[in-house]
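Number of protein chains: 4
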Amino acid sequence: MNYTAILQEIYQQIKRLPVTGTVTETIPELATIDPNKFGMHLTTLNGDDFGIGNSDEKFSIQSISKTLTVAMAFSLLGERMWERVGVEPSGNPFNSLVQLEYEKGMPRNPFINAGAIVVADMLVSQLKDPKKEFLDFVRMLSGSPQIDFNRSVAESEKQTGFRNVALANFIKSFGNIENDVDTVLDFYFFQCSIEMSCKELAHAFFFFANGGITKSGRQVLTQSQAKRLNALMQMCGFYDESGEFTYKVGLPGKSGIGGGIAALYPKNFTVTTWSPRLNEKGNSELGMNALELLTTKTGMSIF
Amino acid sequence: MNYTAILQEIYQQIKRLPVTGTVTETIPELATIDPNKFGMHLTTLNGDDFGIGNSDEKFSIQSISKTLTVAMAFSLLGERMWERVGVEPSGNPFNSLVQLEYEKGMPRNPFINAGAIVVADMLVSQLKDPKKEFLDFVRMLSGSPQIDFNRSVAESEKQTGFRNVALANFIKSFGNIENDVDTVLDFYFFQCSIEMSCKELAHAFFFFANGGITKSGRQVLTQSQAKRLNALMQMCGFYDESGEFTYKVGLPGKSGIGGGIAALYPKNFTVTTWSPRLNEKGNSELGMNALELLTTKTGMSIF
Amino acid sequence: MNYTAILQEIYQQIKRLPVTGTVTETIPELATIDPNKFGMHLTTLNGDDFGIGNSDEKFSIQSISKTLTVAMAFSLLGERMWERVGVEPSGNPFNSLVQLEYEKGMPRNPFINAGAIVVADMLVSQLKDPKKEFLDFVRMLSGSPQIDFNRSVAESEKQTGFRNVALANFIKSFGNIENDVDTVLDFYFFQCSIEMSCKELAHAFFFFANGGITKSGRQVLTQSQAKRLNALMQMCGFYDESGEFTYKVGLPGKSGIGGGIAALYPKNFTVTTWSPRLNEKGNSELGMNALELLTTKTGMSIF
Amino acid sequence: MNYTAILQEIYQQIKRLPVTGTVTETIPELATIDPNKFGMHLTTLNGDDFGIGNSDEKFSIQSISKTLTVAMAFSLLGERMWERVGVEPSGNPFNSLVQLEYEKGMPRNPFINAGAIVVADMLVSQLKDPKKEFLDFVRMLSGSPQIDFNRSVAESEKQTGFRNVALANFIKSFGNIENDVDTVLDFYFFQCSIEMSCKELAHAFFFFANGGITKSGRQVLTQSQAKRLNALMQMCGFYDESGEFTYKVGLPGKSGIGGGIAALYPKNFTVTTWSPRLNEKGNSELGMNALELLTTKTGMSIF
């Protein structure tokens with residue numbers, strides 16, 4: 027498969043598309059990003075790299091970090107973790123409290139905010155120095171020791187994240203948060219503010235496509251665990267647009283409101299995109315288009 | 027892959043499992059079925075057949091019929107059909123009216139009852155003799171001209187299906203049913219009462235795994251359309267246990283309250299099970315176990 | 027209190043108000059009514075009558091009939107009736123199915139459609155000839171033997187009442203309807219299609235204000251029962267605008283989409299209005315204004 | 027009316043009732059109260075006082091304080107206050123977030139927690155020294171300058187009030203809280219921790235029954251405003267048991283989880299009860315019984 031040519035084609039087509047989405051305004055610090063940035067990177071399991079556009083530029087991974095905290099928690103806790111968070115799609119917007127109320131503080135899945143906050147609480151309980159150890163984990167996954175978080179973005183989220191404070195306290199009222207709400211949210215805003223390039227992210231996702239083994243050869247999850255998280259991404263990675271993404275793209279993946287998407291074709295490749303314009307559902311508009319073009323052109327979909 | 031041996035092993039393990047589920051009581055006519063029946067059938071894309079237990083015995087396919095009406099409607103209407111029914115998981119039990127109210131009569135997906143009733147309405151509008159033409163379609167798909175529906179099961183559903191009557195009238199009140207509610211439900215109860223064996227069902231599902239081309243070589247959907255319905259089955263085939271099934275089994279599939287499950291591994295095989303004992307969510311308990319064993323033993327999962 | 031002058035004043039003020047509401051389109055037969063009709067009638071407990079405008083013209087009482095079926099059911103069944111229908115406000119629009127689903131087929135109160143259908147089912151079970159006996163009851167209450175129902179309105183509701191068919195079947199699916207759904211709805215559409223004038227309705231409501239004793243001196247409810255139904259009207263008589271009505275008018279009452287309102291000041295008077303223009307919530311716009319003016323001018327509110 | 031004898035009778039009957047309710051465990055500091063306390067006090071509009079049992083003992087007024095903050099906000103803001111909080115019953119438990127989500131951060135009424143927090147925010151915005159000025163207002167209403175709040179109860183609420191923190195942040199995320207969430211909640215927990223005796227509370231409620239004029243003759247609300255708040259108490263004073271209370275007792279009132287109830291018969295009397303055992307809905311079990319006995323014995327109900 028000539029990925030260089032394919033990515034080139036996609037890039038040309040993407041640039042000609044009319045743009046309608048807008049950059050997130052939820053987090054003031056992110057609102058100032060150039061909306062016209064576009065990067066894409068594909069890494070095959072034999073280690074070949076294909077990048078285009080702004081694929082080496084760092085962006086805020088935001089909710090994509092949820093896949094990495096889940097992986098770390100899964101490696102530490104195993105199946106036990108599912109006693110506190112479900113594996114079903116939510117059918118509701120990502121920060122809905124309604125479902126949480128009907129289901130007594132047990133979030134539907136770890137990729138909605140409520141679930142990710144519970145996973146953050148698990149890591150805070152399990153790790154001695156949660157921020158440092160998680161950052162080390164992400165650096166190890168991607169093989170990039172210079173990956174870091176963005177303090178002003180984390181601060182910006184803290185200043186405006188009333189909905190997340192509400193979620194965390196609501197879950198705490200049901201007894202499904204063990205630590206101080208402030209500590210848990212501090213970690214949660216930290217993980218969301220981590221910055222990576224498309225290339226770094228494609229490398230970090232390598233182990234999902236590779237049966238749990240990282241690009242550098244380290245087994246962080248069992249093959250079965252990796253498959254399970256891929257299944258979970260497929261079902262729940264795009265909030266209430268997960269069905270649309272599955273229907274059109276047919277690959278497991280996860281989006282973030284920083285405009286990033288990371289996806290993978292098990293046993294074949296990982297692929298990431300970055301374009302800050304979001305559609306109504308909060309997913310990157312051009313990123314979704316680019317990935318749909320990729321599976322159409324290559325015929326590579328899991329279905 | 028030695029499927030004969032694998033199915034034999036699964037059968038032995040399944041027989042030793044403690045049974046807790048119960049046969050459906052929703053439809054009186056189905057409540058009298060021997061709960062200990064168990065059949066399983068696998069058909070590879072080169073046409074090899076592997077069956078075990080009661081795999082040649084007919085059972086009521088019930089909601090599995092939804093995949094076949096959707097395929098027929100998709101072949102007739104193309105993408106237009108998604109203007110009246112969505113492609114997102116519902117996150118709610120299969121016959122919930124709540125979501126339908128919030129979303130103004132547009133069902134979340136065609137595999138919950140509300141969505142299947144809308145699809146039934148599409149077929150009633152499109153076909154001259156809907157029952158005959160749909161039955162012919164099913165017979166053609168599976169290559170078994172003697173497949174038929176069960177009149178007393180259809181009657182039994184009509185007598186007790188108050189929830190479905192409620193759903194249909196509710197959707198009609200939003201204008202998303204074109205024909206008489208009675209006519210639409212008559213067709214819907216008919217499709218649910220069709221009886222097939224595991225083998226016939228595995229053959230009927232062949233085209234989903236084979237890029238839209240039936241076992242006898244007829245193209246009923248484009249490759250892209252077949253992939254899209256597989257994606258939809260993955261997301262929504264098991265009601266609010268779809269995530270659980272995806273997480274544990276990792277294959278697109280659809281269950282019915284008659285105890286049947288039909289699933290597929292794209293480009294490889296179709297597989298069906300039948301065991302009437304249902305778990306709390308209304309899915310076949312042993313069928314789900316058998317399929318989990320299959321993907322564990324063969325390593326064949328899409329993720 | 028000089029009610030003649032007060033009604034005259036109200037009438038003058040009402041005529042000068044800008045009109046924004048629209049006649050119901052839910053029931054085609056009612057959509058043709060002259061939107062500018064306005065009638066008002068007040069009957070004191072000493073039997074004095076004060077009418078103005080089109081107060082002697084018949085209109086479709088619609089949901090106001092719910093108060094009379096509840097009174098009849100209460101007189102027949104006593105407190106037992108509350109085992110099948112609640113006494114709490116619903117906080118939702120009058121034909122919502124959501125609450126019914128969460129509360130397993132037990133309607134919140136007898137003044138939302140779901141509750142009124144359950145009450146209709148009670149009367150169908152209790153009475154030999156439900157329509158005739160209920161009509162006799164209404165004639166007796168108001169002292170007007172020529173009160174009748176409107177066959178074409180009843181038919182019109184039957185043709186378009188998909189939401190009510192949905193509600194009734196939904197409740198039946200929970201086991202809270204005893205009779206055939208068709209029979210119950212036939213009675214329900216009948217009761218809604220009864221036609222009365224403001225004057226007849228004010229007379230029919232007399233017993234609510236008079237401790238359960240009709241204008242002609244017959245005790246149909248105990249004093250305690252009458253008080254309880256007044257309390258219920260106060261809480262639930264105006265759908266999800268009940269609070270607004272209580273807050274502004276401060277009298278127990280009930281509205282109908284035919285544009286009628288019947289209200290009462292216990293131990294003092296009953297008062298009815300008719301104006302077909304409805305506000306967004308489905309209550310008569312000018313009727314609510316007229317009643318607010320009445321309590322402001324007379325200072326007669328229960329609070 | 028011989029209130030001395032009536033209260034005596036009620037007291038005797040209440041003491042013989044089997045007790046099933048339990049003291050609140052939501053607020054640890056309140057969980058230690060003697061469950062067998064019972065007090066009742068009635069104050070007529072001519073100023074006569076009738077007390078029985080522990081009617082002079084202080085208890086935590088909790089949610090009853092919501093009526094007094096609403097009165098103060100209404101006196102300061104007038105009708106403008108209803109732009110930020112509704113006047114409709116909620117039909118849901120007192121601390122539900124579901125409705126708030128569907129209605130975009132505008133609480134249904136000021137007597138559910140969400141609404142009371144918005145009212146607290148109004149007072150924090152309007153007053154220079156909110157705690158002191160509100161306490162002065164309460165002391166003035168009841169004529170008891172020694173009324174105070176309980177610091178350890180306020181602290182106890184702060185430690186465990188995760189649901190209220192969730193509510194406040196959730197409302198803030200919709201923009202309907204102006205001040206810092208911590209400041210608003212600090213005031214809210216303060217108001218809930220105020221302690222009063224049945225007698226003091228009956229005196230404080232005097233102005234509701236007296237057209238807005240306090241026992242000492244000061245006009246704090248207009249007659250129309252007082253009537254409106256009475257109507258609001260009638261509709262919403264007892265959470266999702268408001269209908270039950272209205273149906274059985276037929277007086278406007280408000281309960282608190284400290285076991286208190288304050289109610290009134292407009293133009294006649296105010297009446298308060300205290301008994302810490304709560305029923306399932308969070309209302310004082312014996313208090314509700316006592317008030318039902320009172321209206322049955324005296325025939326004094328507004329309906």
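Protein chains in written order, with the working numbering: chain X, 27 to 329; chain C, 27 to 329; chain F, 27 to 329; chain P, 27 to 329. The beta-carbon is built from N, C-alpha and C at its ideal position, and this holds for glycine as well.
Residue-chain proximity (residue i, chain F), Cβ-Cβ < 8 Å
{"i": "residue 236 of chain C", "result": "no"}
{"i": "residue 110 of chain P", "result": "no"}
{"i": "residue 123 of chain C", "result": "yes"}
{"i": "residue 254 of chain P", "result": "yes"}
{"i": "residue 198 of chain C", "result": "yes"}
{"i": "residue 195 of chain C", "result": "yes"}
CA nearest to the CA of residue i, picked from the options
{"i": "residue 251 of chain F", "options": "F:222, F:104, F:271", "result": "F:104"}
{"i": "residue 59 of chain X", "options": "X:286, X:188, X:174, X:194", "result": "X:286"}
{"i": "residue 30 of chain C", "options": "C:234, C:78, C:212, C:278", "result": "C:78"}
{"i": "residue 259 of chain C", "options": "C:63, C:201, C:272", "result": "C:272"}
{"i": "residue 280 of chain X", "options": "X:301, X:256, X:292, X:207", "result": "X:256"}
{"i": "residue 173 of chain P", "options": "P:145, P:84, P:244", "result": "P:84"}
{"i": "residue 300 of chain C", "options": "C:291, C:314, C:292, C:133", "result": "C:314"}
{"i": "residue 232 of chain C", "options": "C:61, C:50, C:57, C:97", "result": "C:97"}
{"i": "residue 99 of chain X", "options": "X:88, X:124, X:145", "result": "X:145"}
{"i": "residue 167 of chain X", "options": "X:150, X:234, X:199", "result": "X:234"}
Assigned secondary structure, residue i (DSSP; H/G/I helix, E/B strand, else coil)
{"i": "residue 288 of chain F", "result": "strand"}
{"i": "residue 253 of chain C", "result": "helix"}
{"i": "residue 65 of chain X", "result": "strand"}
{"i": "residue 32 of chain F", "result": "helix"}
{"i": "residue 304 of chain C", "result": "strand"}
{"i": "residue 342 of chain X", "result": "Any answer about residue 342 of chain X is impossible in this case: the structure gives chain X only from 27 up to 329."}
{"i": "residue 78 of chain X", "result": "strand"}
{"i": "residue 239 of chain F", "result": "strand"}
{"i": "residue 150 of chain C", "result": "helix"}
{"i": "residue 104 of chain X", "result": "helix"}
{"i": "residue 137 of chain C", "result": "coil"}
{"i": "residue 269 of chain X", "result": "helix"}
{"i": "residue 86 of chain F", "result": "strand"}
{"i": "residue 50 of chain P", "result": "coil"}
For residue i, the first and last residue of its enclosing alpha helix (DSSP H)
{"i": "residue 220 of chain P", "result": "Careful: residue 220 of chain P lies outside any alpha helix (DSSP H), inside the beta strand (DSSP E) at 220 to 222."}
{"i": "residue 170 of chain P", "result": "Unbroken run through residue 170 of chain P: none, as it is neither H nor E."}
{"i": "residue 233 of chain C", "result": "232 to 235"}
{"i": "residue 178 of chain F", "result": "177 to 186"}
{"i": "residue 56 of chain C", "result": "Run containing residue 56 of chain C: none; DSSP gives neither H nor E here."}
Contact test: residue i Cβ vs the ligand PLP heavy atom, cutoff 7 Å
{"i": "residue 263 of chain C", "result": "Absence of the ligand PLP is noted for the structure shown, with no ligands found whatsoever."}
C-beta neighbour in chain X for residue i, strict 8 Å
{"i": "residue 260 of chain C", "result": "yes"}
{"i": "residue 316 of chain C", "result": "no"}
Chain C within 8 Å of residue i, Cβ atoms only
{"i": "residue 192 of chain F", "result": "yes"}
Residue environment, residue i, which counts as buried when at least 16 other CB atoms sit within 10 Å
{"i": "residue 208 of chain X", "result": "exposed"}
{"i": "residue 46 of chain C", "result": "exposed"}
{"i": "residue 177 of chain X", "result": "exposed"}
{"i": "residue 171 of chain C", "result": "exposed"}
{"i": "residue 43 of chain C", "result": "exposed"}
{"i": "residue 128 of chain X", "result": "exposed"}
Continuous beta strand (DSSP E) stretch holding residue i: start and end
{"i": "residue 130 of chain P", "result": "Per DSSP, residue 130 of chain P belongs to no beta strand (DSSP E) and is neither H nor E."}
{"i": "residue 280 of chain F", "result": "279 to 281"}
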